[in-house]
Amino acid sequence: MKAYGIYDHQSERHGSDMLHWMQYVKGYVSIKVWGYSTERFLNLCGNHDILVWDIENHGDYYTMKVSVKGFFALKTLLKKTGTRASVLERHGLPFFVPKIRRRKIFAAGLILCLFFWLFTARYIWDIQIEGNYSLTDDILLDYLESQGIHTAMEKENVQIEKLEMQLREEYDMITWASLKIEGTTLIIQIRENEVPEYDSSGQSSLNDGEHADSPAGGKDIVAAKDGVIVYMITRKGTPEVAVGDTVEKGQLLVSGAVPVYNDDTTVRKYQYYEADADILIAYDKSLFVEKQTVYQDKEYSGREKKILLFGFQDKEWNLSAGKIPYEIYDISGEKKQVQLLDHLSLPVFYGTKYAKEYTLVEKEHTEEEMQQIMQAEWDKILQTLEEKGVQITRKNVTINKGNDKWILNIKMQLVEEAVSIVNNTTQQIPDVENEAESETEVSEE
Amino acid sequence: MIVESLKLPKDSMLGDAIVTVTGNREAFIENYKGIIEYTKESIVLQGKNCKICFQGKQLSIDYYTNEDMKIGGNIESVRYL
Numbered sequence: 007m008k009a010y011g012i013y014d015h016q017s018e019r020h021g022s023d024m025l026h027w028m029q030y031v032k033g034y035v036s037i038k039v040w041g042y043s044t045e046r047f048l049n050l051c052g053n054h055d056i057l058v059w060d061i062e063n064h065g066d067y068y069t070m071k072v073s074v075k076g077f078f079a080l081k082t083l084l085k086k087t088g089t090r091a092s093v094l095e096r097h098g099l100p101f102f103v104p105k106i107r108r109r110k111i112f113a114a115g116l117i118l119c120l121f122f123w124l125f126t127a128r129y130i131w132d133i134q135i136e137g138n139y140s141l142t143d144d145i146l147l148d149y150l151e152s153q154g155i156h157t158a159m160e161k162e163n164v165q166i167e168k169l170e171m172q173l174r175e176e177y178d179m180i181t182w183a184s185l186k187i188e189g190t191t192l193i194i195q196i197r198e199n200e201v202p203e204y205d206s207s208g209q210s211s212l213n214d215g216e217h218a219d220s221p222a223g224g225k226d227i228v229a230a231k232d233g234v235i236v237y238m239i240t241r242k243g244t245p246e247v248a249v250g251d252t253v254e255k256g257q258l259l260v261s262g263a264v265p266v267y268n269d270d271t272t273v274r275k276y277q278y279y280e281a282d283a284d285i286l287i288a289y290d291k292s293l294f295v296e297k298q299t300v301y302q303d304k305e306y307s308g309r310e311k312k313i314l315l316f317g318f319q320d321k322e323w324n325l326s327a328g329k330i331p332y333e334i335y336d337i338s339g340e341k342k343q344v345q346l347l348d349h350l351s352l353p354v355f356y357g358t359k360y361a362k363e364y365t366l367v368e369k370e371h372t373e374e375e376m377q378q379i380m381q382a383e384w385d386k387i388l389q390t391l392e393e394k395g396v397q398i399t400r401k402n403v404t405i406n407k408g409n410d411k412w413i414l415n416i417k418m419q420l421v422e423e424a425v426s427i428v429n430n431t432t433q434q435i436p437d438v439e440n441e442a443e444s445e446t447e448v449s450e451e
Numbered sequence: 004m005i006v007e008s009l010k011l012p013k014d015s016m017l018g019d020a021i022v023t024v025t026g027n028r029e030a031f032i033e034n035y036k037g038i039i040e041y042t043k044e045s046i047v048l049q050g051k052n053c054k055i056c057f058q059g060k061q062l063s064i065d066y067y068t069n070e071d072m073k074i075g076g077n078i079e080s081v082r083y084l
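As they're listed, the protein sequences go chains A and B.
Residue numbering for the first sequence follows our numbering, starting at 7 and increasing by one per position.
Residue numbering for the second sequence follows our numbering, starting at 4 and increasing by one per position.
This is how it looks when you write it as structure tokens:
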């Protein structure tokens, strides 16, 4: 029978890690053995089932390792063979524990570290938002901040159900919200409504008709620009102008007050509505875009300085000593947050910045470049007009090429739904009923 | 022989040592009786019928028990004396 089955030929390699660990837990000593017949001593160890390992011959003495239990059993063998032994080193847990008791500060540090870890694990160190497309992270984070949700807050103060409801109530477009805490990260998952809703001041509400909370006084449509009416269909309200009329900015186009007439065509009273109409106004617009042919360009010298940085929460420090030795420079870089586990983010940042030196050089655009720049400017204007839903009915674009600057001269006629909605100010006719009655009385007399 | 005809394992019946050598780096010896000599250059073990002598450089006994032993180092020769 084998004394130590774990030392089996095949399983030796797989078992060695486990074995080391077991040896560590039980504790072992490395000893030095010298004297008359050391080989006999080794044989006796084998016969008495005392495990020794890592035996090394150093000429006149041997070193070997033996378990603590085995070491005490060695005494009789040593006497028998006339060899002597002394302990060189002690290894393992039984020796480590008393040692740690003596190293009080180390032990305290270990415990403190554990407490610190438990302590920090009670806080939220990171907020992640998923599923938001039109609502930016900043908007949501600002909102959460206003609700008292921020990093470095205690986990138990996060009221998940309440926040989910608040998010849905605050933003109409959030149709579904879910909060969960993973480690020290607060994960907010939201689903947005695919059809965005504009509020009542937005343009799309022009066709909305009556709005639930419209004021009693009704709404007027007024011109937002000087121009000529080219198209007009009124759905609700009293039209005050017609197609072909020239209007000024602020002029009343459709009144929200609809008069109710008496038999004698005098106004008896007003009924107030939210005016609703499709109105297109044509107006002239001229634009000048001036571009200098001379421009300043950054020419990098190729010299750069690396700056290590370290941050805690909102603060940031440069670790590299000294000032940046360049007169003008760009700074770029990246910052990383320290993460212990996947979801345990600490409010500590580190990163590097690069300061790149450059000099400003005066350069002149070639004619071709200038043409491209002008074309780009014109494209930009067209794009912004298109985004606003403005049509161009007539345009005249000229370019004046000067020595040091080019001028893009644009004259165009635009057609746009250039209207805005204001509150109706038409005064209700006071005491209509009474006046009408008195009038009839007079006529009877 | 009776052992062969009964197909019993030879080592346990005859008490012969089994030496397994992996490359020239390590040797694994089962069924040895004792250590006769142990230096860095040679290790001599007692078997039942003969002595086994390992010679080489930086030889060491990684571990041994009553039954088996593992020798590491640079083994140059194995001889049966």
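Ideal placement from N, C-alpha and C gives every residue a C-beta, glycine not left out.
Only a predicted model underlies this, so the values are computations on that prediction, with no experimental measurement involved.
- If the five residues before and after residue 334(A) are omitted, its C-beta is found closer than 8 Å to the C-beta atoms of 363, 364, 365, 366, all from its own chain and listed in chain order.
- Identification of chain A residues near residue 42(B) by a Cβ-Cβ cut-off of 7 Å yields 63, ordered along the chain.
- In the assembly as shown, residue 53(B) is an exposed residue. Its beta-carbon has fewer than 16 other beta-carbons within 10 Å.
- Any Cβ of chain B closer than 8 Å to the Cβ of residue 160(A) would place that residue at the interface, and such an atom is absent.
- The segment 276-290 of chain A and the segment 226-245 of chain A touch, with three or more beta-carbon pairs separated by less than 8 Å.
- The beta-bridge partner set that DSSP reports for residue 245(A) consists of 260(A).
- The alpha-carbon separation between residue 101(A) and residue 18(B) amounts to approximately 42 Å.
- Exclusion of the five residues before and after residue 23(B) leaves 31 as the residues of its chain whose Cβ lies within less than 6 Å of its Cβ.
- With a cutoff of 8 Å on beta-carbon distance, residue 123(A) and residue 352(A) are scored as not near each other.
- Within chain B, no residue has its CB atom less than 7 Å from the CB of residue 308(A), the nearest being about 54 Å off.
- Only residues of its own chain outside the window of five on either side were considered, and among them 170, 173, 174, 196 have a CB closer than 6 Å to the CB of residue 183(A), listed in chain order.
- Beta-bridge pairing by DSSP links residue 265(A) to 276(A).
- Against chain A, a Cβ distance below 7 Å from residue 39(B) picks out 45.
- Residue 429(A) and residue 394(A) have their C-alpha atoms roughly 24 Å apart.
- The beta-bridge partner set that DSSP reports for residue 54(A) is empty.
- Contact check for residue 79(B) against residue 58(B) passes: the beta carbons are separated by less than 8 Å.
- When the beta-carbon positions are compared, residue 99(A) and residue 91(A) stay at least 8 Å from each other.
- Inter-residue distance for residue 311(A) and residue 384(A) is about 40 Å (C-alpha atoms, whole angstroms).
- Annotated as proximal: residue 281(A) and residue 260(A), with beta-carbon spacing under 8 Å.
- The three-state secondary structure of residue 59(A), taken from DSSP, is strand.
- Contact check for residue 407(A) and residue 301(A): beta-carbon distance about 16 Å, past the 8 Å limit, so the pair fails to qualify.
- A straight line joining the alpha-carbon of residue 258(A) with that of residue 432(A) spans about 11 Å.
- Residue pairing from DSSP places residue 300(A) in a beta bridge opposite 370(A).
- Apart from the 5 residues on each side of it in sequence, residue 307(A) sits with its Cβ closer than 6 Å to the Cβ of 363 in its chain, given in chain order.
- Residue 317(A) and residue 355(A) have their alpha carbons spaced roughly 5 Å apart.
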